[in-house]
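Residue numbers (the numbering used here): 2 to 557.
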Amino acid sequence: MGSTDFSWKLPDHPKLPKGKTVAVIVLDGWGEANANEYNCIHNAETPTMDSLKQGAPEHWRLVRAHGKAVGLPTEDDMGNSEVGHNALGAGRIFAQGAKLVDIALETGKIFEGDGFNYIKESFETGTLHLIGLLSDGGVHSRLDQVQLLLKGASERGVKRVRLHILTDGRDVLDGSSVGFVETLENDLAKLREKGIDAQIASGGGRMNVTMDRYENDWGVVKRGWDAQVLGEAPHKFTNALEAIKTLRAAPKANDQYLPPFVIVDESGKSVGPIVDGDAVVTFNFRADRMTMLAKALEYEKFDNFDRVRVPKIRYAGMLEYDGELKLPKHYLVSPPEIDRTSGEYLVKNGVRTFACSETVKFGHVTFFWNGNRSGYFDEKLEEYVEIPSDSGITFNEQPLMKALEIGEKARDAILSGKFDQIRVNIPNGDMVGHTGDIEATVVACKAADKAVKMILDAIEQVGGIYVVTADHGNAEDMVKRDKAGKPLLKDGKVQILTSHTLEPVPIAIGGPGLTPGVRFRNDVPTGGLANVAATVMNLHGFEAPSDYETTLIEVV
C-alpha cells in the first residue's frame, strides 16, 4: 500500500454503534477439550465460563490457536502466547518464529544475511559458541535447525565450535535430553572428522540455567553465564552424555531443572569458555527466555549480577528478541514486519485503551499484541498497568497468582468511564498448567473464572460488551496421550503433560451493550485467533481494514 493512499481512519460499521465500553479478556492456556480427570478447566469450579458456554449458542464458538492459524509451519505446532497475542492483535497471520527460521535455512538466506556475516568474522581465529534449548519441541528452538546451522557454519570456514546446551523436559518428554545429546554428539563427531574442533562445552536444565524470563530470577542467568562464559560450574564431566545421565540419576531430577555443568579436558580445564574474539549465537527463535542472556552478552552497563569477565565478542540472536530495545543488535533472521495492528488503528480512531496483566503476561497484552512493539501509540489515550508477579516460587505454590488483582484493576478501569477498551490477560491456566500440578491447576482455573466474573459484572454495570477468549490450550489437557488418545504410562504412572496443546480455544461475546441481532457467523468454520481483531473492531463500531482476517460476527 503506497504511503499516499493510506489512512488510519477506519470506516464506521453500518450496523454497530460506536462508544460502547468493550472488555477483551484473554485467558492464557485455556483450551477446549473433552471432559475427563486431566481436564483441569472442566474439573474446576468455573461457573462464569460455564454460563458463557451454556448461554446463547450464537454467542460462543471455538477458534484455532495453533499451527498455520498463528503463522507456525505445521498443524503439529502447538500455539504459544507470543504468536497467539501477535495474531489477536494484528488481525492477520504472519510467518512466525520457527517458520521464519525454516524459510531462511531452506533458502540459504540466513547464511547471506548481515547477522551471519557479522559472526563469520570470528571464524578464522575465534570459536563459534551456540547457546540454546536442545529440543525438538518447536516452542523455543528445534534441534534440526541447530544441525543445519552447524552444517552451514562448517561449510563457511568455521574452525572451532562449542555448544552450550539447555535441556528441556517441559515442551517435550522428560528424559528426552539423552537422545538429543546422542544425536548432537554424532553430528559433532562427523565435524571433527572434517578437521573442525567441535564439542559440547556446558549445559544445564532450562528452568535452572539461562532461560529465565521477565527478570524473574537473574540467578538463573548467572548460573548459565558462569558455565558458558567463565567455564565454571559445580559439576564437571569429560563428556555431555555422562553429565546428563549422571545428573538425571539424582533423586527427583528432571531435564527442566538439571544443575549447571561444564565439560573439562584431562587436566580438568573447561573446554569452551567464551573469550575475546569469539562469536556467540543464541539459537532459540522464541524471545522471552533469551532476552535476559542477550542483555548480559550485549550491554556494557549491566548490574543484574557480577559478570566477573565480559569478553569482547560478536553476538547474534537467531532472531531479534525485542524490537523496541533493538536486542540483540545483530540477528540471523529478520522479524516479521507486523504493522497496522488493531491496537494502533483503534487508538488512532480515538479508542481509549487500558491494558493490564501481571508481569509474566504483561508483555503479551502490550508488546506482542501491538506487533512486537514496546510503549504507547498515544500516551494520552492509553494506560498499561503491570502487576508484579510472585517471584522466587513455582506458580503451583500460589496458583491464585494475581488473577483477582487483574480483575480488580480491569473492573476499576471499566467503572472509571475513562476507557473504551479494557484488555487483560489472566495467566493462571498457562503458568500453573506448566508446573504439571493438576490440583493446583484446578485451583488456578477457578481463580481465573472469578476474575472474569468481576470484569463481566463491571461491563454489566456500564452497559458494555465483553469478548472472552484465550491464546492457546494448556490446562484443558494435562496428560500425555498415545495416537489413540489414551493416557501414556511410564513405570505404571500416567505421564503428565506440562506443555501447551493443539486444542482450539473458546471465544464468547455478550453484555448489555451488544446490539440485538449480533451473532457468530457460521461461514467461518476455520476461524482462528487472527479473526478476533476484526471482530473487536466491529464491536467498537468500526469496519476492519480490508486485508484483515474476516470478522467472526454478523448482524441479522
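We put the CB at the ideal spot given by N, CA and C, even for glycine.
Query: Rounded straight-line distance, which links the Cα of Trp370 to that of Glu409; Result: 22 Å
Query: Length at least 3, wholly inside the segment 400-462: the beta strand (DSSP E) runs in chain order; Result: 422-427
Query: Within 8 Å, strictly: CB atoms of Ile497 and Arg522; Result: no
Query: Same chain only: Cβ atoms within 6 Å of Val221, ignoring 5 sequence neighbours per side; Result: Asp213
Query: Residue range of the unbroken alpha helix (DSSP H) whose run includes Tyr322; Result: No alpha helix (DSSP H) holds Tyr322; DSSP gives it neither H nor E.
Query: Beta-carbon contacts of Ala244 that lie in its chain and below 8 Å, excluding the five residues immediately before and after; Result: Gly204, His236, Phe238, Phe262 and Ile264
Query: In DSSP terms, what Leu28 is bridged to; Result: Ile427 and Ala471
Query: Stretch pair the segment 339-348 + the segment 91-111: three plus CB contacts closer than 8 Å; Result: yes
Query: Anticipated Cβ contact below 8 Å, Ala404 with Asn429, distance rounded; Result: 5 Å
Query: Nonlocal neighbours in the same chain, by C-beta distance under 6 Å from Asp483, ignoring five residues either side; Result: Leu489
Query: With 16 other Cβ atoms within 10 Å as the buried cut-off, status of Trp9; Result: exposed
Query: Rounded separation between Lys21 and Val386 - CA only; Result: 22 Å
Query: At least 3 beta-carbon pairs within less than 8 Å: the segment 326-333 vs the segment 352-360; Result: no
Query: CA nearest to the CA of Val311, picked from Tyr322, Ala295 and Glu321; Result: Ala295
Query: Assumed close pair Ser142, Phe286 - CB separation to whole angstroms, cut-off 8 Å; Result: 6 Å
Query: Close Cβ partners of Gly3 (< 6 Å) along its chain, the five nearest in sequence each way excluded; Result: For Gly3, the pLDDT reaches just 42, beneath the cut-off of 50, and the residue's location in the model is therefore unreliable, leaving the point undetermined.
Query: Short Cβ contact (8 Å threshold) for Asp478 with Val27; Result: no
Query: CB of Leu17 within 8 Å of CB of Val469, strictly; Result: no
Query: Any 3 or more C-beta pairs closer than 8 Å across the segment 150-164 and the segment 106-115; Result: yes
Query: The segment 220-234 / the segment 173-187 touching (three or more Cβ pairs under 8 Å); Result: no
Query: Per-residue DSSP class, three states only, for Trp558; Result: The chain is shown from 2 up to 557; residue 558 falls before or after that span and cannot be answered.
Query: Check whether Leu333 and Gly512 have beta carbons under 8 Å apart; Result: no
Query: Own chain, CB closer than 6 Å to Thr5, minus 5 neighbours either side, in chain order; Result: Bear in mind that a pLDDT of 49 at Thr5, under 50, signals an unreliable position, so the number given afterwards is only what the model happens to contain. Same-chain partners within the cutoff: there are none.
Query: Cα-Cα separation, Arg62 to Ser271; Result: 56 Å
Query: Cβ neighbour criterion (16 or more within 10 Å) applied to Gly56; Result: exposed
Query: Contained alpha helix (DSSP H) runs [length at least 4] in the segment 286-361, N- to C-terminal order; Result: 292-299 and 343-349
Query: Ranges of the beta strand (DSSP E) found wholly within the segment 250-283, counting only runs of at least 3; Result: 262-264 and 280-283
Query: Cβ shell of Cys41 (< 8 Å), same chain only, five flanking positions each side left out; Result: Gly430, Gly434, Ile439, Thr442, Val443, Ala445, Cys446, Ala476, Glu477 and Met479
Query: Local conformation of Met2 per DSSP, three classes; Result: A caution first: Met2 carries a pLDDT of 42, below 50, which makes its placement in the model unreliable, though a value can still be read off. In the structure shown, Met2 sits in coil (DSSP, three-state: anything other than H, G, I, E or B).
Query: Euclidean distance between Cα positions of Ser335 and Val282; Result: 15 Å
Query: Residue from Phe124, His501 and His60 with nearest C-alpha to Ala66; Result: His501
Query: Whether Asp279 touches Thr128 by CB criterion (8 Å); Result: yes
Query: Through-space distance from Glu83 to Tyr322, alpha-carbon basis; Result: 11 Å
Query: Same chain, Cβ closer than 7 Å to Leu457, five either side skipped, listed in chain order; Result: Thr49 and Tyr467
Query: Rounded straight-line distance, which links the Cα of Gly176 to that of Lys255; Result: Going by the sequence as given, residue 255 is Asn instead of Lys. Going from the Cα of Asn255 to the Cα of Gly176 covers about 7 Å.
Query: Simplified DSSP assignment, three categories, for Phe396; Result: helix
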